[in-house]
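Below you'll find the structure, written out as structure tokens, and then a few comments.
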Amino acid sequence: MANHNNLERERIATLRSHVIQQARDEFDARYPDVTFSRTVALICAYEEEGNIGDVLKAMPTTACGQDVTTLVIVDGGSDKTADISREAGVLTFVFPANLGHGVALQVGYRLCIEKKVDYVVTLDADGQNDPGEIPTMLEPLVENESDFVVASRRLGVDTTTDRFRKVGVVFFSTIMNAMTGAKLTDTSNGYRSLRVSMLADVVDRLQQEQYQTAELLITCLKRGWKVTERPTVWLPRQSGTTKKGKNWLFGFRYARVVISTWWRER
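Quick note on full-length UniProt numbering: the sequence shown kicks off at 1 and runs consecutively.
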């Protein structure tokens, strides 16, 4: 059984590598000799054709006195997300198959490391994060006050109505603070700014295909990187439905990632 499981993991890893390489070949052919700004806004999207256009229209081209390159990683899907992103004129890296949000983020991190970027800001493609708040998220990194900035809907304004999710935010923040010694209020928020030297330190440790917000945060805290928060607005999804699944299932899977990452990094 163990040998069978190992072979299956190797097969999946090989297929994943093939998909990523295929996407990289297409990206390099479409954008030969591309250069990135010192700051990159990284958006991972899966079937967000109803939202991605408005998000990209709102993206700033400068923040904190620096040019901002927008990079969209399209995680497979069969809709027009990739077409809309390309038509908006932003760099678009397209997986030919769905690999998971965590894998898409890792590919984005590695591209930014390779291109010698200084800062990465990650935000959602569904319109729940306000791109106008990128300067707020970026400033602590530029001013060398932090290595990792997490947006907080609890310190800011949460305009959504899902009470279960709100309770989950408090619950998981409490658990992760106890595990790491941090004092954060919104540990599951995917709106973040990240120092690329920190990403270079941790990227090879990341394993999660989907729920990477917890894995990245716990890993960086345990390795001594400075994490702070900034208040932001959390907006309702503009169209479509969440890809995270039902609340109870998301909570179970997220908890599993929290525990497994803490155990690995303890």
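Ideal Cβ placement from N, Cα and C applies to all residues, glycine included. Computed from a predicted model, the values in this text were never measured in an experiment.
DSSP state of Thr-161 mapped onto helix, strand, coil: coil
CB contact flag (Leu-199, Val-120, <9 Å): yes
Validate contact between the segment 172-184 and the segment 93-112 using beta carbons, cut 8 Å, 3 pairs: no
CB contact flag (Arg-195, Leu-123, <9 Å): no
Same chain only: Cβ atoms within 6 Å of Trp-225, ignoring 5 sequence neighbours per side: Asp-147, Phe-148, Met-198
Residues sharing a beta bridge with Gly-250, DSSP: Before going on, a small fix: residue 250 reads as Phe here, not Gly. Per DSSP, none; premise fails for Phe-250.
Own chain, CB closer than 7 Å to Ser-162, minus 5 neighbours either side, in chain order: One point to set straight first is that residue 162 is Asp, not Ser, in the sequence displayed. Once the five neighbours on either side are set aside, Asp-162 has no close Cβ partner at all.
Beta-carbon proximity list for Lys-80, same chain, < 6 Å, skipping 5 on both sides: Glu-49
Continuous alpha helix (DSSP H) assignments of at least 4 residues falling wholly in the segment 118-197: 134-142, 163-180
Counted within 10 angstroms of its Cβ, other Cβ atoms place Tyr-46 as buried (16 or more) or exposed: buried
C-beta contact flag for Lys-166 and Thr-174 at 9 Å: no
Coarse secondary structure for Glu-229, derived from DSSP in three states: strand
Proximity to Trp-38 [Cα-Cα], best of Leu-138, Asn-129, Tyr-254, Tyr-31: In the sequence under discussion, the amino acid at residue 38 is Arg, which differs from the Trp named in the question. Considering only alpha carbons, the answer is Leu-138.
Asn-189 vs Ser-152 beta-carbon contact at 9 Å: yes
Status (buried if at least 16 other CB within 10 Å, exposed otherwise) for Ser-85: buried
Residue range of the beta strand (DSSP E) that includes Ala-104: First-last for Ala-104: 101-114, but that is the alpha helix (DSSP H), not the beta strand (DSSP E).
Nearest residue (CA-CA) to Phe-36, options Thr-70, Gly-65, Ser-17, Thr-14: Thr-70
Extent of the continuous beta strand (DSSP E) run through Thr-242: Here Thr-242 belongs to no beta strand (DSSP E), and DSSP marks it neither H nor E.
Presumed contact (8 Å Cβ cut-off) between Glu-133 and Thr-232, rounded CB distance: 5 Å
Option in Val-74, Val-258, Leu-221, Leu-155 with minimal Cα separation from Phe-27: Val-74
Bridge partners - Val-94, DSSP secondary structure assignment: Val-74
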